[in-house]
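To start, the structure under review is shown below, and the notes come after it.
There are 2 protein chains.
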Amino acid sequence: MKNAAVTLFIFISTFFFGQKKYVMVIHGGAGTITREAMTQEKENAYKAKLTEALKAGYKEFTYGKTSVEAVAAAIVILEDSPLFNAGKGAVFTSDEKNELDASIMSGKNKSAGAIAGVHTIKNPIKAAIAVMEKSEHVMLSGEGAEKFAKLQGLEIVDPKYFWTKERWDGLQKVKKKEAQNPTKISQNNLPASYEIDQKFGTVGAVALDRKGNIAAGTSTGGMTNKKYGRIGDAPIIGAGTYANTQVGISGTGWGEFFIRATAARTVAAKMEYLNKDLKTAAQETIDEIEKMGGDGGLIALDKDGNIAMPFNTAGMYRGAVSENGEIEVEIYK
Amino acid sequence: MKNAAVTLFIFISTFFFGQKKYVMVIHGGAGTITREAMTQEKENAYKAKLTEALKAGYKEFTYGKTSVEAVAAAIVILEDSPLFNAGKGAVFTSDEKNELDASIMSGKNKSAGAIAGVHTIKNPIKAAIAVMEKSEHVMLSGEGAEKFAKLQGLEIVDPKYFWTKERWDGLQKVKKKEAQNPTKISQNNLPASYEIDQKFGTVGAVALDRKGNIAAGTSTGGMTNKKYGRIGDAPIIGAGTYANTQVGISGTGWGEFFIRATAARTVAAKMEYLNKDLKTAAQETIDEIEKMGGDGGLIALDKDGNIAMPFNTAGMYRGAVSENGEIEVEIYK
């Protein structure tokens, strides 16, 4: 009866205000994704997996679960797929390892968890959530983080689990290019753009539960050929992930710029302090990153169920589900 | 002649506006520092070292050097002293190691560098600066960061260099207490406060050079008895360190709260978006951290040479130097 009333209310609100209320938004990475370079088969595979992730997240809500649980359910699907640069499909470091980062933030009390530089945790997002819920810390790294995850009963895998042919070939391609053109690069002397597979495919989700709590999560394998234990924006609260009572954000793209722009926090700050609407705040932040020389995209979901998914790359794997279970999935601009 | 004109201008401005212009502000950590627990000898030692750091930073300016160089000069003095929880005086992890974090941000172009979880780099702030200036990345961690620092010609030391009796005794004390009272703690179940030496002594500096560029840097050994490769706020851009063209900030305190509050970025965002003055923005941020249950302090310096040094602990080692070289150093409220 209560459910029927809720459905009726949703129907009436949608009818009168014409505004769809979303409960979850996800991304599977932004990059040089063009129709020309894509086969129909590959496109279908990506769309199917994004849909599966949205359904998994939405299902949690129908069980009355929290936004943190919905984010976890969606991200685990993407981590377990070789299609995305997170979990199973993580890219290789220069040392031929798969080095994973992830983070989560719950808007209600601004609690947060993150892990960086792990090689054996099957689902990094679960480890980030365990850090948030079961430790006094926000961020754990390397072997210590793996030890913690094991103690928490999370699934530990042989590092070989993360080996995929596509990512291995990607590393060889980047290394070959690097050997041919060993330019010294720094923050003040950057290439105009990177190889598509160098910083592509981070996954993320933002969800809004029935109690109005927003959670945002991000998971990644980082950049192909990354060196020296590089940590990108994905595990950095305020850069790749942020949530408060008003909005949640997950970023994907050239991580160094997302850190320097404190991207996720900037979206929230523009809303909190300047009263900007979600779409404006999100777009302005991507514009600022572009102005700095960076690229990428982000997804954001506010407390009223509005979404924004701006990006300045050719494409971004993305999708959203409304409160009545309607799913939208897109790839190109 | 030009210098004389500048001096005259400073004199006139100070005379007419009565406002002292600061060029650098530093901190050596916030915590339960009370007059009762302090000896005169110890107080003198802290004040002398803070003064030495301010002089070293100021000296760089007299040579026309940049704010980044001034921050480095001041922080190196503090890192090389066993008095502060950074470099030589770093606290011990649960695994009986000294695990160092540091970061730097230059406001002009928002370039940034950070290192986390290193054991052999004598001056972590120098490594953070090398990451900013010589790499394409913002954040490096663990052995990878050490490898990078070595390649950059930075001084590498035996991990034993960081052993000090005081920190070792501090770890034993905390471990003993932990064994007696093994309470399960998490972000939602935190002790009212930590042992003084568990999260105390992070150092930082913010400087404003003649060209108007602001740089902020932070360096720390983290929390005594930290586990699982814990990373605090010090190496997180937007949490422990932030700078833009308007203001620079370095934080010190209970790192987990500084991350969740995106403390340094929040000070800057309140100024950028709400037009709050430096003192208000800085104080409000510390108030927010207190409300969340955290404690600590921060230093901030704006483009006009105003400073703020709010903290909600009993004391904070802190000091500032004005453009004409006047030095102020304080410990208590």
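Just so you know, the protein sequences line up as chains A and B, in that order.
FYI, the numbering for the first sequence is 6 to 338, going by the working numbering.
FYI, the numbering for the second sequence is 6 to 338, going by the working numbering.
Positions of the beta carbon are idealized from the N, C-alpha and C atoms, including for glycine.
For glutamate 183 of chain A, the uninterrupted alpha helix (DSSP H) run begins and ends at 170–185, by DSSP. Glycine 33 of chain A sits in a strand when the DSSP states are folded into three classes. Contact of glycine 147 of chain B with chain A by beta-carbon distance below 8 Å involves Gly122, Ser146, Gly147 and Gly234.
Valine 208 of chain B is bridged by DSSP to B/Ser224.
Boundaries of the alpha helix (DSSP H) around serine 72 of chain A: 72–84. Distance from the Cα of glutamate 138 of chain B is smallest, within the candidate group B/Asn114, B/Gly122 and B/Asp100, for B/Asn114. Chain order gives the chain B residues near lysine 152 of chain A as Tyr233, where near means a beta carbon separation below 7 Å. When the Cα atoms are used, aspartate 282 of chain A and lysine 281 of chain B turn out to be separated by approximately 21 Å. By the C-beta density criterion, aspartate 300 of chain A is buried, having at least 16 other C-beta atoms within 10 angstroms. Going by DSSP, isoleucine 291 of chain A is part of the alpha helix (DSSP H) stretching over 283–297.
Our two residues, valine 179 of chain A and asparagine 230 of chain A, have alpha carbons roughly 7 Å apart in a direct line. Under the three-state reduction of DSSP output, arginine 323 of chain B falls in the strand class.
In the three-state reduction of the DSSP assignment, valine 272 of chain A falls in the helix class, which pools H, G and I. Per DSSP, the unbroken alpha helix (DSSP H) holding glutamate 46 of chain A starts and ends at 45–67. Your pair isoleucine 80 of chain A and isoleucine 130 of chain A checks out as a contact, with CB atoms roughly 4 Å apart and the cut at 8 Å.
Taking 8 Å as the cut-off, the beta carbon of leucine 303 of chain A is found closer than this to the beta carbon of isoleucine 254 of chain A. Per DSSP, the continuous beta strand (DSSP E) segment holding glutamate 335 of chain A begins and ends at 332–337. Taking every protein chain shown into account, the CB of glutamine 24 of chain B has fewer than 16 other CB atoms within 10 angstroms, so this residue is exposed. Taking every protein chain shown into account, the CB of glutamate 171 of chain B has fewer than 16 other CB atoms within 10 angstroms, so this residue is exposed. Taking 7 Å as the cut-off between beta carbons, the residues of the region 100–119 of chain B near chain A are Lys115, Ser116 and Ala117, in sequence order.
Three or more Cβ pairs drawn from the region 246–262 of chain A and the region 31–44 of chain A lie within less than 8 Å of each other, which places the two stretches in contact. In this structure, isoleucine 236 of chain B sits near alanine 121 of chain B, with a CB-CB distance shorter than 8 Å. In terms of Cβ geometry, alanine 184 of chain B and glycine 62 of chain B do not form a close pair [threshold 8 Å]. With respect to threonine 250 of chain B, glycine 112 of chain B sits close: the two C-beta atoms are nearer than 8 Å. Looking at the DSSP output, aspartate 214 of chain B sits in no beta bridge, so it has no partner there. At the C-beta level, phenylalanine 263 of chain B and aspartate 292 of chain B stay beyond 8 Å of one another. A straight-line Cα-Cα distance of about 35 Å links serine 72 of chain A and valine 123 of chain B.
Taking the C-beta atoms as reference points, threonine 271 of chain B is found no nearer than 8 Å to threonine 246 of chain B. Glycine 310 of chain A sits away from glycine 234 of chain B, with the two beta carbons spaced by 8 Å or more.
Under the three-state reduction of DSSP output, isoleucine 241 of chain A falls in the coil class, being neither helix nor strand. Within chain B, the residues placing a beta-carbon under 9 Å from that of arginine 270 of chain A are Gly243, Thr267, Arg270, Thr271 and Ala274, ordered along the chain. About 7 Å separates the beta carbons of valine 96 of chain B and methionine 228 of chain B, which is inside the 8 Å limit, making them a contact pair. Closer than 8 Å to the CB of leucine 283 of chain B there is not a single CB belonging to chain A. When Cβ-Cβ separations below 8 Å define contact, tyrosine 278 of chain B makes contact with chain A. Within the same chain, and ignoring the five residues on either side of tryptophan 168 of chain B in sequence, the residues whose Cβ sits closer than 8 Å to its Cβ are Asn103. Histidine 32 of chain A is outside the set of residues whose beta carbon lies under 8 Å from a beta carbon in chain B.
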